[in-house]
Amino acid sequence: MSKPIRIALTKGRLEKDTVGLLEKLGFDCTAVREKGRKLILPVPDANLEVVLAKANDVITYVEHGVCDMGVVGKDTIMEMGGKFFELVDLGFGRCKFALATKKGSDFYSGYGIKTIATKYPNVSRSFFEKKGMDTEIIKIEGSVELAPLLELADGIVDIVETGTTLKENGLEVIEDVAPISARLIVNTVSMKMRRDEIRNLIKLVEENL
Ligand code: PRP
Numbered sequence: 486m487s488k489p490i491r492i493a494l495t496k497g498r499l500e501k502d503t504v505g506l507l508e509k510l511g512f513d514c515t516a517v518r519e520k521g522r523k524l525i526l527p528v529p530d531a532n533l534e535v536v537l538a539k540a541n542d543v544i545t546y547v548e549h550g551v552c553d554m555g556v557v558g559k560d561t562i563m564e565m566g567g568k569f570f571e572l573v574d575l576g577f578g579r580c581k582f583a584l585a586t587k588k589g590s591d592f593y594s595g596y597g598i599k600t601i602a603t604k605y606p607n608v609s610r611s612f613f614e615k616k617g618m619d620t621e622i623i624k625i626e627g628s629v630e631l632a633p634l635l636e637l638a639d640g641i642v643d644i645v646e647t648g649t650t651l652k653e654n655g656l657e658v659i660e661d662v663a664p665i666s667a668r669l670i671v672n673t674v675s676m677k678m679r680r681d682e683i684r685n686l687i688k689l690v691e692e693n694l
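Per our numbering, the very first residue in the sequence shown carries number 486; after that it's consecutive.
This is the structure in structure tokens:
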């Protein structure tokens, strides 16, 4: 048998749905489900090898060709960019990027430069550049919702899923930035060298969405 196709999966939020999808394809994911602290896991009947990684690292591994394929959120793809094929919208992990402010604040009023806190500076910059609006972007690592409450920023660009975090902190969406969902990405060289195997896998995925 040829060497396994190596696929990098995003740990955490997308993990359950991704493994669920692989099982729906008929693959035995026992090793992935019972992984413990192991990071490279075989899916023997499918000649697949699963690597579990943080979202940014999934892109790094696929770009560098150490993983042939990856499953990662569109949020990370939009922020990091990179050279790979984005081939399938997997439909799960649905949420959105949105601009949010303190409830009732008039974000677009006045002429001063607005300050935006975000974990996604590139996404934020390009959103406001398209509007022709000058902003100061401040990178925050987590719980971005704190920034307007602490008066560090006029607004945030962040992921909104259920809207609960915003609501519980007196914030509201004033504009949607982009829809997000999990995507299947493929290394450009793997796509050429292992075309048939990858195409078959993608076909199987598409039939099972
Ligand atoms: C994300 C996001 C919001 C929250 C949105 O954060 O940054 O804070 O989820 O979800 P909701 O609309 O369902 O409330 P995450 O949980 O990944 O944690 P972090 O902010 O600490 O990175």
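We put the beta carbon where it would ideally sit given N, CA and C, even for glycine.
Can you name, in chain order, every residue of its own chain whose Cβ lies under 7 Å from the Cβ of S666, other than the five neighbours on each side? Cβ within range, chain order: K559, D574, L575, G576, F577, G578, R579.
Compute the distance between the beta-carbons of A583 and D639, then report whether it is under 7 Å. Remark: C-beta atoms of A583 and D639 do not approach each other more closely than 7 Å.
Bridge partners for C580 per DSSP, in chain order? Beta-bridge pairing links C580 to I665.
Please go through the same chain and pick out, in chain order, the residues whose beta-carbon is closer than 6 Å to the beta-carbon of P606, but skip the five residues on each side of it. Contacts found: I622, K624.
Check whether chain C comes within 7 Å of H549, counting only Cβ atoms and requiring the distance to be less than that. Going by chain labels, chain C is absent from the structure shown, which holds only one protein chain.
Beta carbon of L510 nearer than 7 Å to that of L694: No Cβ-Cβ contact shorter than 7 Å links L510 with L694.
Can you tell which of L637, L634, P664, F569 has the C-alpha that lies nearest to the C-alpha of S675? When only C-alpha atoms are compared, the closest one is F569.
Taking 6 Å as the limit, tell me which residues put their C-beta closer than that to any heavy atom of the ligand PRP, in chain order. Taken from the N-terminal end onward, the list reads G627, S628, V629, E630, D643, I644, V645, E646, T647, G648, T649, T650.
Just confirm the distance between the C-beta atoms of L572 and V671, as a whole number of angstroms; I'd bet it's less than 8 Å. Their Cβ separation, rounded to whole angstroms, is 6 Å, which keeps L572 and V671 in contact under 8 Å.
From N654 to M565, what distance separates their C-alpha atoms? Answer to the nearest angstrom: the Cα atoms are 28 Å apart.
Under the DSSP definition of a beta bridge, which residues are partnered with D442? Since the first residue shown for the chain is 486 and the last is 694, residue 442 is missing from the structure and cannot be characterised.
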